[in-house]
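A.B. asks: Below you'll find the structure I mean.
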Amino acid sequence: MTKKGEISINIQSNSWLVSDVASVEIRDSQLRLVEREGSTRKFTLPKGLYEVSAVLEDGHRYKQLVIVQAGKKVNVDLIPSKVEHIQEGPLVEPEPEMPKYKRPRFTQAMNEIDNQGQQLLDTESPQLLEVKGASLLRESQFLWVFGTEQKPEAVPTAEIGYGGHKYCISLPISPEHVFPENSCVVKIDKTRTGPKINAWIAKERTEANALQNMLASGYPIDAANVASSAMELLESKYSDPTGAALGALILFKVGKLGDRVDWLRNLAHSFDWLPDGKVLYAKQLFNDEAHREEAIQLGIEASFQRMLYTECYSILLDFLRRWPEDDIISHYDKARWDAIEQLASRSTDLDWESICLTEVF
Numbered sequence: 000m001t002k003k004g005e006i007s008i009n010i011q012s013n014s015w016l017v018s019d020v021a022s023v024e025i026r027d028s029q030l031r032l033v034e035r036e037g038s039t040r041k042f043t044l045p046k047g048l049y050e051v052s053a054v055l056e057d058g059h060r061y062k063q064l065v066i067v068q069a070g071k072k073v074n075v076d077l078i079p080s081k082v083e084h085i086q087e088g089p090l091v092e093p094e095p096e097m098p099k100y101k102r103p104r105f106t107q108a109m110n111e112i113d114n115q116g117q118q119l120l121d122t123e124s125p126q127l128l129e130v131k132g133a134s135l136l137r138e139s140q141f142l143w144v145f146g147t148e149q150k151p152e153a154v155p156t157a158e159i160g161y162g163g164h165k166y167c168i169s170l171p172i173s174p175e176h177v178f179p180e181n182s183c184v185v186k187i188d189k190t191r192t193g194p195k196i197n198a199w200i201a202k203e204r205t206e207a208n209a210l211q212n213m214l215a216s217g218y219p220i221d222a223a224n225v226a227s228s229a230m231e232l233l234e235s236k237y238s239d240p241t242g243a244a245l246g247a248l249i250l251f252k253v254g255k256l257g258d259r260v261d262w263l264r265n266l267a268h269s270f271d272w273l274p275d276g277k278v279l280y281a282k283q284l285f286n287d288e289a290h291r292e293e294a295i296q297l298g299i300e301a302s303f304q305r306m307l308y309t310e311c312y313s314i315l316l317d318f319l320r321r322w323p324e325d326d327i328i329s330h331y332d333k334a335r336w337d338a339i340e341q342l343a344s345r346s347t348d349l350d351w352e353s354i355c356l357t358e359v360f
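According to numbering that gives the first Met the number 0, the stretch in the sequence shown is residues 0 to 360, in order.
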């Protein structure tokens, strides 16, 4: 049975007619229309990412992106700009001239992808050269599904040869689950600048998949709002550490990680194979002079491990380079520069636009 949750919509308007009968549209993560109602304001839907919208009295279409969680209710307020109201939680904005929301890059269920990946019309077929820390579960010409049921010793990777290059990409799998929740998809797409390889969290990990798709769409503020609302689930790091690390990264990027130092400590120490947690924890520890030595130790240690997310790699390199001259760094100076050299030597091979760390040779 599909797990479902509830969306309750409140339209705040000076016009009773708009409040009571304005047509509400709900679209799923692939922008398919799933509900359109003029009077109903409560909807029971399968868990997942949805866009809720309505045209209000000022003629603008107002939207919210929400995550429906199984067995839970999410409240949505749609407010026209001329109503004086400061809303807590997700931002509601009138639709701009150019659509702000871009279609998510990968939200297909695992059982729907067998015939995908054939859209690249190219005479050359990519070759899967090597997989570390994971198993190949399915494949087509330009798409691979990886998973694992064993705790990895390092961030799993896949190496693919295509177009005269080798791509080594980190895999956001979740060993705490079984298939399909434990899996990820690596997909090659054709772009104006050439082939693009990406790794996507399985759609069945609803919250983590939604966060990655929203971040990939180029709107981290939206992603941060959803991360805040989904943090209760993401804090269940023992069931999805890679998703939890992504949520923490997004919150860090927009300054909303706050005082979750204990949560980061558990992520950093309970999942030694996932250095992204160490990086974010070290950044938080730096704010407390009493813990700066532990911060530099974690940063140096993480620099010699494979990172999952590209942004964490960038954060760590900047963190080590900008460490101030103090008594602590004088003791760790050689180790710090060794770590910087280790990171910098690989940085020229990175695809900085990929969410999951990808080296191109």
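The beta carbon of each residue, even a glycine, is placed where N, CA and C say it ideally should be.
Can you give me the start and stop residues for the alpha helix (DSSP H) that VAL278 sits inside?
C.D. replies: Position 279 of the sequence shown holds residue 278. Run containing VAL278: 274-284, per the alpha helix (DSSP H) assignment.
A.B. asks: Using the rule of at least 16 other Cβ atoms within 10 Å of the residue's Cβ for burial, across every protein chain shown, is ALA243 buried or exposed?
C.D. replies: In the sequence shown, the residue the question calls residue 243 occupies position 244. Its Cβ being crowded by 16 or more others within 10 Å, ALA243 is buried.
A.B. asks: Can you name, in chain order, every residue of its own chain whose Cβ lies under 6 Å from the Cβ of ARG335, other than the five neighbours on each side?
C.D. replies: Indexing the sequence shown from 1 puts residue 335 at position 336. Once the five neighbours on either side are set aside, the close Cβ partners of ARG335 are LEU319.
A.B. asks: Identify whether PRO45 lies in helix, strand or coil by the three-state DSSP scheme.
C.D. replies: Residue mapping note: residue 45 aligns to position 46 of the sequence shown, counting from 1. Strand, per DSSP.
A.B. asks: Could you give the DSSP three-state label for ASP261: helix, strand or coil?
C.D. replies: Taking the first residue of the sequence shown as position 1, residue 261 is located at position 262. If DSSP states are grouped into helix, strand and coil, ASP261 belongs with the helices.
A.B. asks: Taking the straight line between their C-alpha atoms, what separation do you get for LEU342 and VAL154?
C.D. replies: The residue labelled residue 342 in the question sits at position 343 within the sequence shown. The residue labelled residue 154 in the question sits at position 155 within the sequence shown. For LEU342 and VAL154, the distance between alpha carbons rounds to 16 Å.
A.B. asks: Taking the beta carbon of PRO240 as the centre, do at least 16 other beta carbons fall within 10 Å, making it buried, or is it exposed?
C.D. replies: Working through the sequence shown from its first residue, we reach residue 240 at position 241. With 16 or more other Cβ atoms within 10 Å, it is buried.
A.B. asks: Do TYR357 and CYS167 have their C-beta atoms closer together than 9 Å?
C.D. replies: Against the sequence shown, residue 357 aligns to sequence position 358. Against the sequence shown, residue 167 aligns to sequence position 168. This sequence places Thr at residue 357; Tyr is not what is there. Taking 9 Å as the Cβ cut-off, THR357 and CYS167 qualify as a contacting pair.
A.B. asks: Measure the alpha-carbon distance for LEU48 versus ILE327 and round it to whole angstroms.
C.D. replies: Indexing the sequence shown from 1 puts residue 48 at position 49. Indexing the sequence shown from 1 puts residue 327 at position 328. One C-alpha to the other measures close to 45 Å.
A.B. asks: With a cut-off of 9 Å, does the C-beta of PHE303 fall near any C-beta of chain C?
C.D. replies: No chain C is present in this structure, which holds just one protein chain.
A.B. asks: Please report the distance separating the alpha-carbon of ASN265 from that of VAL278.
C.D. replies: The residue labelled residue 265 in the question sits at position 266 within the sequence shown. The residue labelled residue 278 in the question sits at position 279 within the sequence shown. Going from the Cα of ASN265 to the Cα of VAL278 covers about 13 Å.
A.B. asks: Along the chain, where does the alpha helix (DSSP H) that runs through LEU55 open and close?
C.D. replies: Numbered from its first residue, the sequence shown carries residue 55 at position 56. That residue, LEU55, is in no alpha helix (DSSP H); it is neither H nor E in DSSP.
A.B. asks: According to DSSP, is GLU34 helix, strand or coil?
C.D. replies: As a working mapping, residue 34 is identified with position 35 in the sequence shown. GLU34: strand per DSSP, three-state reduction.
A.B. asks: Restricting to Cα atoms, I'd like to know which of GLN63, LYS62, ASP76, TRP351 is closest to ARG215.
C.D. replies: Position 216 of the sequence shown, counting from 1, holds the residue named residue 215. Sequence inspection shows Ala at residue 215; the Arg mentioned does not correspond to that position. Here the closest residue by C-alpha is TRP351.
A.B. asks: Can you give me the C-alpha to C-alpha distance between ASN208 and TRP199, rounded to a whole angstrom?
C.D. replies: For this step, residue 208 is matched to residue 209 along the sequence shown. For this step, residue 199 is matched to residue 200 along the sequence shown. About 7 Å.
A.B. asks: Where does the unbroken beta strand (DSSP E) through THR156 begin, and where does it stop?
C.D. replies: Position 157 of the sequence shown holds residue 156. Residues 156-161.
A.B. asks: Distance check for ARG26 and LEU90, CA to CA, integer angstroms please.
C.D. replies: As a first step, residue 90 must be located in the sequence shown, where it is residue number 91. As a first step, residue 26 must be located in the sequence shown, where it is residue number 27. Its pLDDT being 36, under 50, LEU90 is placed unreliably in this model, and the coordinates cannot settle the point.
A.B. asks: THR309: which of LYS252, ALA267, LEU256, GLN283 sits nearest, CA to CA?
C.D. replies: Walking along the sequence shown from the start, residue 309 turns up at place 310. Selected option, being the one with the closest Cα: LYS252.
A.B. asks: Helix, strand or coil: how does DSSP classify GLN140 here?
C.D. replies: Your numbering for residue 140 matches position 141 in the sequence shown. Note: GLN140 maps to coil in three-state DSSP.
A.B. asks: In whole angstroms, what is the alpha-carbon distance linking GLU292 and PHE285?
C.D. replies: Position 293 of the sequence shown holds residue 292. Position 286 of the sequence shown holds residue 285. Straight-line Cα distance between these residues: approximately 8 Å.
A.B. asks: Taking DSSP as the reference, what is the three-state secondary structure of ILE249?
C.D. replies: Reading the sequence shown from its first residue, position 250 is the one you call residue 249. Helix, per DSSP.
A.B. asks: Judging by CA-CA distance, which residue of LEU77, LYS3, LYS46, LYS2 is the nearest neighbour of ALA21?
C.D. replies: Here residue 21 corresponds to residue number 22 of the sequence shown, with the count starting at 1. The residue with the shortest Cα to Cα distance from ALA21 is LEU77.
A.B. asks: From SER28 to PRO323, what distance separates their C-alpha atoms?
C.D. replies: As a first step, residue 28 is located in the sequence shown; it is residue number 29 there, counting from the start. As a first step, residue 323 is located in the sequence shown; it is residue number 324 there, counting from the start. Computed Cα separation, rounded: 44 Å.
A.B. asks: By DSSP, does LEU170 sit in helix, in strand, or in coil?
C.D. replies: As a working note, residue 170 is residue 171 in the sequence shown. In the structure shown, LEU170 sits in coil (DSSP, three-state: anything other than H, G, I, E or B).
A.B. asks: List the DSSP bridge partners of VAL65.
C.D. replies: Taking the first residue of the sequence shown as 1, we reach residue 65 at position 66. Bridge partners of VAL65: TYR49.
A.B. asks: Please state whether the Cβ-Cβ distance between ALA53 and LYS3 is less than 9 Å.
C.D. replies: On the sequence shown, residue 53 is found 54 positions in, with the first residue counted as 1. On the sequence shown, residue 3 is found 4 positions in, with the first residue counted as 1. For ALA53 and LYS3, no; Cβs fall outside 9 Å.
A.B. asks: Among all the DSSP beta bridges, which residues are the ones paired with ILE359?
C.D. replies: Numbered from its first residue, the sequence shown carries residue 359 at position 360. As written in the sequence, residue 359 is Val, which differs from the Ile given in the question. Answer by DSSP bridge pairing, in chain order: TYR166.
A.B. asks: Just confirm the distance between the C-beta atoms of SER169 and CYS355, as a whole number of angstroms; I'd bet it's less than 8 Å.
C.D. replies: Start at 1 with the first residue of the sequence shown, and residue 169 comes out as number 170. Start at 1 with the first residue of the sequence shown, and residue 355 comes out as number 356. Rounded, the Cβ-Cβ distance is 5 Å, consistent with contact.
A.B. asks: At the level of alpha carbons, what is the spacing between ASP275 and LEU142?
C.D. replies: Residue numbering aside, residue 275 sits at position 276 when the sequence shown is read from its first letter. Residue numbering aside, residue 142 sits at position 143 when the sequence shown is read from its first letter. Cα-Cα distance, rounded: 26 Å.
A.B. asks: So the candidates are SER134, SER139, VAL130; which of them puts its Cα closest to the Cα of SER124?
C.D. replies: Within the sequence shown, numbered from 1, the residue matching residue 124 stands at position 125. Per the Cα distances, SER139.
A.B. asks: Let me make sure I understand the geometry here. Which of LYS189, THR192, ASN181, ARG191 has the alpha-carbon closest to that of ALA201?
C.D. replies: Taking the first residue of the sequence shown as 1, we reach residue 201 at position 202. The shortest C-alpha separation from ALA201 is found at ASN181.
A.B. asks: Give the DSSP bridge partners of TYR331, in chain order.
C.D. replies: Along the sequence shown, read from residue 1 onward, the residue named residue 331 stands at position 332. The partner list for TYR331 (beta bridge, DSSP) is empty, contrary to what the question assumes.
A.B. asks: For VAL144, is the classification buried or exposed, using 16 other Cβ atoms within 10 angstroms of its Cβ as the cut-off for buried?
C.D. replies: In the sequence shown, counting from the first residue as 1, residue 144 sits at position 145. VAL144 comes out buried.
A.B. asks: So what does DSSP say about ARG102, is it helix, strand or coil?
C.D. replies: The sequence position of residue 102 within the sequence shown is 103, counting from 1. Residue confidence is low: ARG102 scores 46 on pLDDT, short of 50, so the model does not pin down where it sits. No coordinate-derived value is stated.
A.B. asks: Between the alpha carbons of ASN9 and LEU64, how many angstroms are there, rounded?
C.D. replies: Against the sequence shown, residue 9 aligns to sequence position 10. Against the sequence shown, residue 64 aligns to sequence position 65. If you take the alpha carbons of ASN9 and LEU64, they lie about 15 Å apart.
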